[in-house]
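Inspection log for the structure reproduced underneath, given as structure tokens.
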Amino acid sequence: MRNVFYIMRKELKSYFTSPVAYVIGGIFLSIAGYFFYSILTFFSLLSLQYMQSPYMMNNLNLNEMLIRPLYGNMGVILLFIAPLLSMRIIAEEKKLGTIELLYTSPLRLSEIITGKFLAALSVFIIILIPTLEYPVVLLLGGNPDTGPLISTYIGLILLGAAFISIGLFTSSITENQMVAGVSAFGILLLLWVLGWAKQSVDPPYGDILGYLSLVEDHYENFLKGIIDTKDIIYYLSVVFFGLFLAQRVLESRRWR
Amino acid sequence: MIEVINLVKHYGEHVGIQDITFNVDKGEVLGFLGPNGAGKTTTMRVLSCYMPPSSGIARICGFDVFEESLEVRKKVGYLPEHPPLYLDHTVMDYLMFVVEIKGVKKDKRRVFLDRAVEKCGLGEVKNRLIANLSKGYKQRVGIAQALIHEPEVLILDEPTIGLDPKQIIEIRELIRALGSDHTIILSTHILQEVTMLCKRVVIINRGRLVAADSREQLSSQAAGVTRVSFKLRKPPDGVADSIRALEGIKDVEDSGNGNFIVEMLQGKDTRELIASTIVKNGWGLLEMKPVSLSLEEIYVKLIA
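Just so you know, the protein sequences line up as chains C and V, in that order.
Those letters in the first sequence? Residues 1 to 256, by this note's numbering.
Those letters in the second sequence? Residues 1001 to 1304, by this note's numbering.
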């Protein structure tokens, strides 16, 4: 257990002494900030127009019209950013040969992988902290439901964890960071759009596609304010599956 | 201390090493020789638990490298061919990380770390980023990394590669000093180094063991031909030819100033015959002595 912590601390040091974490964090936050600004101004424009009719005023909902699209979009940014965050995590060690140090130290493979995963997840959570200003601004200027805000953040962290574990898996396959990043992005995008076919495919299969999709039936629920164990279990199993595959890949490489 | 029995490692179709058998006693420095691609690194990687063997047994301190890998890894310090350094760490941060993951108890870490820094002469650079260090210092950090948990066995894969002559001497001194309380396997293709540091030598070629013995033993075994050198006071022309004409002589080499080297055929000792011939002809024999083969010559003989 202690070894997991050592690996994690070393990874965090690498993230923050190199420009990686700052660049990724900076880009994520600027795009998120832009979304917040544009959705907020649109919302205030809308509320000015709606003021003319009391009937329309009742349809105006801060959660529905601002928070949901904002955090939905944040999921999209995450889709692009998460592979960049995770692509170096094992591929770089292979490239530099530092993996030899880890393999020849008394560490279990599972400890190495868990430590690395937790480090990348922590970087993601640290990047998320400044986004808390959006709900603070909204709470100061309006009265949104706080429940959905909390569930949204839980959902966002779970979504990030799932993305990172898939990225960690692709990073374990190769020593080329580019290959790791692009394959992670491909897999994530495919799993994302899988849900779009939900309506058009015949009943049992459509539901299966929806369930498998990373966003459709799961992240959406968190955005609506629903915390369902089914969704939590879905994300946790994606995380576990990604880490499990990474472990198998690294094990098999040693045997060859 | 280290037992290797019929070790085999395949990479798919390609054979890395085949039937390697040798052992190393406690406190011994073993030189591991072979041309590029002979399987030195493969053997060392198996011993350091980087990868398991395809078949065969390797035991370190009585622990099997495959079955009890975690135990072995606590007892082995390994310097790979390219030192495994995190370039974005400072020397101290890096060594602290290594000492942590090697399973050293918390209260001993600081002491072990300081000792390794001192042994490897890293005091001046300990707060600098590894990326900014020269090749020689990086290599030293690599060595510090291998010995920081004071392991019983050290496996060093070409420790002096890429260093300048002064650093090479320092590293050799260091290895010699470490040899007193560690068991060391040292791979290199600088033969001098083996001559200076190692009592025993293992030579492998194309994945197979060619020789495993002490240096003296190797000299006498590998010398298919024994050689004798002699010095004459007043050698006339044609001495070499007349000696060559004697029975049991393979070749005579005139190295100038009255010095000659005679190669005798295997199993024939013609020293007496040569001496009497010289004395009979009155060439003035000043000295005569056997020449033992240098490690270089043995190596070339065995590898060829």
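Glycine residues also receive a C-beta, built at the ideal position from the N, C-alpha and C atoms.
Fair warning: this is a prediction, and the values are worked out from it, not measured in the lab.
Relative to chain V, which residues along the stretch 148-170 of chain C have a C-beta separation below 7 Å, given in chain order? none
Under 9 Å by beta carbon: chain V residues contacting Y22/C: The premise fails here: Y22/C is roughly 13 Å from chain V at the closest Cβ pair, so nothing lies under 9 Å.
Counting C-beta neighbours from all protein chains within 10 Å, is the total for F1063/V 16 or more, i.e. buried, or is it exposed? buried
Which chain C residues are close to L1156/V, counting only those with a beta carbon under 7 Å from its beta carbon? Here the premise fails: no neighbours, minimum Cβ distance about 13 Å.
Quick one: grab the DSSP three-state call for Y1011/V. It is a strand residue.
Give the interface partners of E100/C over in chain V, defined as CB-CB distance under 7 Å, in chain order. Y1050, P1080 and P1084
Per DSSP, Q1018/V forms a beta bridge with which residues? R1208/V
Helix or strand or just coil, what does DSSP make of R1128/V? coil
Local conformation of Y55/C per DSSP, three classes: In the structure shown, Y55/C sits in a helix (DSSP, three-state: H, G or I).
Beta bridge counterpart(s) of A161/C as assigned by DSSP: A161/C pairs with nothing; no bridge assigned.
Count the other CB atoms within 10 Å of the CB of E1158/V; is the residue buried (16 or more) or exposed (fewer)? It counts as buried.
Which residues mark the beginning and the end of the alpha helix (DSSP H) in which R1244/V is found? V1239 to R1244
Looking only at DSSP bridge pairs, what is D228/C linked to? Note: D228/C sits in no beta bridge, so no partner.
Which residues in chain V sit within 9 Å of R254/C, going by Cβ to Cβ distance? Y1050, M1051 and P1052
Output needed for D231/C: all residues of its chain with C-beta closer than 6 Å, excluding positions within five of it in sequence on either side, in chain order. H218 and N221
For A161/C and L121/C, what's the separation of their Cα atoms in angstroms? 6 Å
N-terminal and C-terminal residue of the alpha helix (DSSP H) that I1278/V is part of: Taken as a continuous stretch (DSSP letters only), the alpha helix (DSSP H) holding I1278/V covers R1271 to N1281.
When the distance is taken between beta carbons, is Y15/C closer than 9 Å to V123/C? yes
Return the chain-ordered ranges of every beta strand (DSSP E) run that is complete within the stretch 72-105 of chain C and spans a minimum of 3 residues. none
Can you give me the Cβ contacts of V215/C inside the same chain, cut-off strictly under 8 Å, excluding the 5 residues immediately before and after it? G75, L159, W192 and G195
CB contact below 9 Å: Q1145/V versus chain C: yes
Range of the contiguous beta strand (DSSP E) that encloses N1259/V: N1259 to M1264
In chain C, which residues lie less than 8 Å from K1126/V when you measure between Cβ atoms? In chain order: nothing, as chain C lies at least about 16 Å away.
Thinking C-alpha only, which one of I173/C, F28/C, P106/C and N59/C is nearest F43/C? N59/C
Give the interface partners of G97/C over in chain V, defined as CB-CB distance under 7 Å, in chain order. P1080, H1082 and P1084
Hey, does I7/C have any beta-carbon neighbour from chain V nearer than 9 Å? yes
Distance between beta carbons of L1007/V and A1058/V, contact taken as under 8 Å: 6 Å
How far does the beta strand (DSSP E) with F1032/V in it extend, from its first residue to its last? V1029 to L1033
Going along chain C in order, which residues have a C-beta closer than 7 Å to the C-beta of P1007/V? Residue identity check: residue 1007/V is Leu in the sequence provided, not Pro. The contacting residues do not exist; L1007/V stays about 16 Å from chain C at best.
Contacts of P106/C in chain V (Cβ-Cβ under 7 Å): L1070, R1073, K1074, K1102 and G1103
Going by beta carbon distance, what residues of the same chain come within less than 7 Å of L84/C, once the five residues before and after it are set aside? I24 and G181
Skipping 5 residues on each side, what residues in its chain have a beta carbon closer than 7 Å to that of I1020/V? V1004, L1007, T1043, I1204 and L1209
To the nearest angstrom, report how far apart I154/C and T98/C are at their CA atoms. 35 Å
For D1088/V, which residues in chain C fall below 7 Å Cβ to Cβ? S14, T17 and S18
I think L1246/V touches W1283/V, with their Cβ atoms under 8 Å apart; what is that distance to the nearest whole Å? In fact, because the Cβ distance is near 14 Å, the residues do not count as touching under 8 Å.
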